[in-house]
Each structure stands twice: as C-alpha cells, then as structure tokens.
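Asks: For the protein sequence lines, the chains are W and E, in the order given.
If you're matching positions, the first sequence starts at 0 in numbering that gives the first Met the number 0 and goes up one per residue.
If you're matching positions, the second sequence starts at 0 in numbering that gives the first Met the number 0 and goes up one per residue.
Even for Gly, the Cβ is constructed at its ideal location relative to N, Cα and C.
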Amino acid sequence: MKLEKGEISNAQLAVLTIAFLQAMTLTINFNYAITKQGTWLAVLAGFVLALPIAVLYTAIARRFPGQNLIQINDAVFGPYAGKLISILYIWFFIQLTIHYMFFFNSFWITYIMPETPRVAFLVMFAFVCAMAVWSGIEVIARCSYLFSAVVAVTIVTVAVLLVKEIEPGNLLPIVDFSLKDFVQSVHVILTVPFCDLVVFLMILPYTAQKQKIRKPVLIGVSLSAAQLLIVAVVSAAVMGQRILNTSSVSFAVPRLIDVADILTRLDILVAIMFLITVFMKISIFYYVTVLSLAQFLRLRAYRPLVVPIGVLCTAVAVRLYPSDLEQVYAATFVWPFNAAVYEILLPILTFAVILVRRLPKKEEAVSP
Amino acid sequence: MIVLLVLSYAVLIAFEVPKLVREKSWRELTVYSVLMSLAFALCLLEILDVKVWDPVKDTQYFVKSLWHLSYD
C-alpha cells in the first residue's frame, strides 16, 4: 500500500533539491573556523565529492522504482538485516530533525529575540512544519518554488550590495590551513549539507518519471553548490581574517551593507532566508521521519504519526545542547563521522549488495 | 505549565483519535497512543526540569568512545 498518494514532477524534484540544500548557506558557518578564508576551496571539493554520491543515491532509487528506502532495505538485505538497517535510518532521520530544530531555535534566540523563552519559537515552528508534513510532499514541493527563488535572489542581492566592501586581498592567503583541517572541512561540508540528500531516497519513489531522476537531482545539487560558493567567496572577501572571530558570518556580513544611509541593517534578510531554508530542511526531515516510521510499522497512513513525532522532536530539541558552541563542536568534530555511516557507507554497502545479488529480480522490479 | 500541557494534549487527542476510531485504524491508534504517551512523559519531565535522555551524549559516546573517531 502506498503511504503517500501525491506525486511530484521531475522539475519539482530539481527545485525541491535546491530548496532542501540551500540551508547550507548558513551551516557553512561551521567551516569558517576550520578553513578560514579558504573555505570556498572546501566547498568546491565537497561539491565534486557530492556528485558521485548523489549519482549513487539515484542509482539505488532507479533499481527499485516506486520503492522507498525502507522497502529497498528489506529487498536488498532481507527481512531481518533490512529491518535493523531501517531502524538505524529512522533513528538518523529523527536525529537530523532534532538537530536542525535546535539549530533554528538557537539562531533565533541568540540573534533576533534573546529574551524569548526557548520553547516559544520551537513550538510555533514545529506547528508550521507539521502542517506542511500533514499536507504531503506535493505541497512541500510547491512551496519550494517560491522559497528557493526568494533565497537565491537574497544571496545575489546581498552579494551585489556588498561589492563596495569586497577586498580581493582578503582572500589571501588562500591556503592558510593544514591538510588535516582541509580534510575535516570537506568532511563537514560533505556530510552536514550535501549528503543529507540521502533522505531523498524516501521521496524519489513519488516522482512522476522514476527513471529520469538523476538529472534533476544533479541540477539541484549543482545550483545549490553555486549559491554556496558565492556566499563563501563573498564572505571571505569581505571579512578576511575577521572571519575567525565572528560567530555567525552569514549574519554579520549583510550588516556591513550601507547604501547612502538608506539601505542598512539588511541582516534581517538573512534572518528571513534562515527561516525559509530551515523550514524546508526540517519539513523534509520531519516528513521523511514520519513516512519511514509508518512504512516500517506497516501503517495504512502516515498522518497519525505527524503530531506525536512533532511533539517528541520538539521536547528533545528544546535543550539538546547546553550552548550553541556545543553544537558547533559536535557538528565539526563528531557528527561528520556519525553521518558518514548513513550517508556514505550504508548506501555504498546497499549498492554493492544490489550488484552482487543482481537485484532487483524481475518480479520485484515489476511490482513496486 | 502542567495544566497547559494537559490541555494541549487533550486538544491534540480530540483532533486525531475520534477519526482513527471511526476508521477502525487500530494499528495506527496503538502506535499513536504509544508515541503520544512517550511524548507526554518527555514534555512533563522537561517542564519539571528533569533531563532523562540526551541523544547527543549517546551519539558522541558511540562515535568517540566506541569507534574512536573524532577530529579532536
């Protein structure tokens, strides 16, 4: 039984990929402390490595058209090992939802309204995300058209208005970090924003043309990476060495915009961008969590799980870390290894088993 | 705060449960009840300022202490 009745077009898939990945223009802040003004090099390396991984995800999905990750795990690893791997994935999806909820909340509380109780924003935000998840993938995909355009226009506008502040000399020295730092930075970029794309293995079965999913996904990844590159280069060229001493570079850079004393304090644009991108990110994680759990438990519909999962995630996310710095530490030093297991190792293992077992067998391929 | 929590839960349950009963979705109702009970317990403990579960510590324990992986 199909849990999601909706279907998205392949063009919507491309835009949804962009909207999903655009949050990396804010999570890039984790990288500035590691590779400083040379972060754009890590972005390029991360993008180059992300492409084959995105191809891997689409290759797995194309082998099992119409089947989501939980069904694929059962087909590839058998009923017992498949269930175990599915539990691990569901746990991973819940973790992603919780971490991004905390990320959203801590930004909003720290920079916009510090006096507000932590739980206030989170409850309202979780409620909006729950409405999106309740409405299904079609509505989330339709939102992505508007939201991805707003974010792209904001990025370009901020970059253009900052032209006066750009000092090309600030980009030097480009390589002001060790090889270990570079590897760490690429690892963070690869696992935190790019390879979160593994959750699309739960969405790809609901695209209209299931064999033509590779192109839209790769277009989405490339356009998001281009936006990230603009942000990384402009931030470094404006901030220079100061990039190390700023807690949220994405938020600090637009504050420097001053057009004839009229256009100032444009940091609020970044706040709006933050709200939009994180909404898309959390909605998709939340949707995928609910859908995978419903599939795992063989429910007839995923909607009865929307409210309980939302409440659970909100309750845990409120005080996930004692401080923002703890999250920065976790995201840059520990999380990349944890995420790599689900985003890189398990998909490679899955595809290797598919090749060895020559899956899908003919009857599996016919009945999704 | 506890009264507010109980009231919120009553609204959420009134919103979802009658429909599940009407449709005789017993499996869905069971999962819903288990998850909502768990969520209620977590929220209550959060209000009482008791932290019972820390997923971050668990993850860091696995990655750093068991797998010996970290950029430290």
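With 9 Å as the threshold, decide whether the Cβ of W/Asn67 is near any Cβ in chain E.
Replies: Position 68 of the first sequence, counting from 1, holds the residue named residue 67 of chain W. Not one chain E Cβ lies under 9 Å of W/Asn67.
Asks: If I measure Cβ to Cβ from W/Val365 and keep anything under 8 Å in the same chain, skipping five residues before and after, which residues do I get?
Replies: Position 366 of the first sequence, counted from the first residue, corresponds to residue 365 of chain W. Residue confidence is low: W/Val365 scores 46 on pLDDT, short of 50, so the model does not pin down where it sits. No coordinate-derived value is stated.
Asks: Report yes if the C-beta distance between W/Tyr88 and W/Ile69 is below 9 Å; otherwise report no.
Replies: Here the question's residue 88 of chain W lines up with position 89 in the first sequence. Here the question's residue 69 of chain W lines up with position 70 in the first sequence. Yes; because the gap between Cβ atoms is below 9 Å, this pair is in contact.
Asks: For E/Arg21, decide whether its Cβ has a neighbour in chain W, counting only Cβ atoms nearer than 9 Å.
Replies: Translated into the one-based positions of the second sequence, residue 21 of chain E becomes position 22. No, its Cβ sits nowhere closer than 9 Å to a Cβ of chain W.
Asks: Is the stretch 166 to 184 of chain W touching the stretch 13 to 27 of chain W, taking contact as three or more C-beta pairs under 8 Å?
Replies: Segments in contact, no.
Asks: Which word fits W/Ile173, buried or exposed, when buried means at least 16 other C-beta atoms lie within 10 angstroms of its C-beta?
Replies: Locating residue 173 of chain W in the first sequence gives position 174, counting from the first residue. Its Cβ having fewer than 16 others within 10 Å, W/Ile173 is exposed.
Asks: How long is the line joining the alpha carbons of W/Ile347 and W/Val138, rounded to whole angstroms?
Replies: By 1-based counting over the first sequence, the position of residue 347 of chain W is 348. By 1-based counting over the first sequence, the position of residue 138 of chain W is 139. Those two C-alpha atoms are separated by around 31 Å.
Asks: Which residues in chain E have a C-beta closer than 9 Å to the C-beta of W/Leu304? List them in chain order.
Replies: Position 305 of the first sequence holds residue 304 of chain W. Within chain E, the residues near W/Leu304 are Glu27, Val30, Tyr31 and Leu34.
Asks: By DSSP, does W/Ile97 sit in helix, in strand, or in coil?
Replies: Taking the first residue of the first sequence as position 1, residue 97 of chain W is located at position 98. W/Ile97: helix per DSSP, three-state reduction.
Asks: Quick test of the definition: if touching needs 3 or more C-beta pairs under 8 Å, does the stretch 308 to 322 of chain W touch the stretch 336 to 347 of chain W?
Replies: Output reads no: the stretch 336 to 347 of chain W does not touch the stretch 308 to 322 of chain W.
Asks: Taking the alpha carbon of W/Ile308 as the reference point, which residue from E/Asp71, E/Tyr31 and E/Tyr60 has its own alpha carbon closest?
Replies: In the first sequence, counting from the first residue as 1, residue 308 of chain W sits at position 309. Selected option, being the one with the closest Cα: E/Tyr31.
Asks: In whole angstroms, give me the CA-to-CA distance for W/Ala74 and W/Phe126.
Replies: Walking along the first sequence from the start, residue 74 of chain W turns up at place 75. Walking along the first sequence from the start, residue 126 of chain W turns up at place 127. Answer to the nearest angstrom: the Cα atoms are 35 Å apart.
Asks: According to DSSP, is W/Leu262 part of a helix, a strand, or is it coil?
Replies: Counting from 1 along the first sequence, the entry for residue 262 of chain W is found at position 263. It is a strand residue.
Asks: Work out the CA separation of W/Asn30 and W/Ile176 for me, nearest whole Å.
Replies: As a position in the first sequence, residue 176 of chain W is number 177, starting the count at 1. As a position in the first sequence, residue 30 of chain W is number 31, starting the count at 1. Contrary to the premise, residue 176 of chain W reads as Phe rather than Ile in this sequence. Answer to the nearest angstrom: the Cα atoms are 12 Å apart.
Asks: Could you run through the stretch 196 to 207 of chain W and flag, in chain order, every residue whose CB is less than 7 Å away from some CB of chain E?
Replies: The stretch 196 to 207 of chain W vs chain E, Cβ under 7 Å: nothing.
Asks: Could you check what DSSP says for W/Ser366 in three-state terms: helix, strand or coil?
Replies: What you label residue 366 of chain W is simply residue 367 of the first sequence in a count that begins at 1. The pLDDT assigned to W/Ser366 is 46, lower than 50, so where the model puts this residue is not dependable, and the model offers no usable value.
Asks: Does the Cβ-Cβ distance between E/Met35 and E/Leu6 come in under 9 Å?
Replies: Taking the first residue of the second sequence as 1, we reach residue 35 of chain E at position 36. Taking the first residue of the second sequence as 1, we reach residue 6 of chain E at position 7. Going by C-beta atoms, E/Met35 is not nearer than 9 Å to E/Leu6.
Asks: Alpha helix (DSSP H) containing W/Val150: first to last residue?
Replies: The residue given as residue 150 of chain W occupies position 151 in the first sequence. First-last of the alpha helix (DSSP H) with W/Val150: Ile136 to Leu160.
Asks: Which two residues bound the contiguous alpha helix (DSSP H) that contains W/His186?
Replies: One-based indexing of the first sequence puts residue 186 of chain W at position 187. Run containing W/His186: Leu178 to Thr190, per the alpha helix (DSSP H) assignment.
Asks: Could you give the DSSP three-state label for W/Thr206: helix, strand or coil?
Replies: Here residue 206 of chain W is taken as the residue at index 207 of the first sequence, counted from 1. DSSP places W/Thr206 in strand when its eight states are reduced to three.
Asks: In this structure, does DSSP put W/Ile256 in helix, strand or coil?
Replies: Here the question's residue 256 of chain W lines up with position 257 in the first sequence. The answer is coil: DSSP assigns W/Ile256 none of H, G, I, E or B.
Asks: Which residues bound the alpha helix (DSSP H) around W/Gly219?
Replies: Within the first sequence, residue 219 of chain W is the residue found at index 220, counting from 1. Arg213 to Met238 is the extent of the alpha helix (DSSP H) around W/Gly219.
Asks: Going by beta-carbon coordinates alone, are W/Phe193 and W/Ala225 separated by less than 9 Å?
Replies: In the first sequence, counting from the first residue as 1, residue 193 of chain W sits at position 194. In the first sequence, counting from the first residue as 1, residue 225 of chain W sits at position 226. In this structure, W/Ala225 does not lie closer than 9 Å to W/Phe193 by Cβ.
Asks: Three-state secondary structure (DSSP) at W/Ile7?
Replies: For this step, residue 7 of chain W is matched to residue 8 along the first sequence. Three-state result, W/Ile7: strand.
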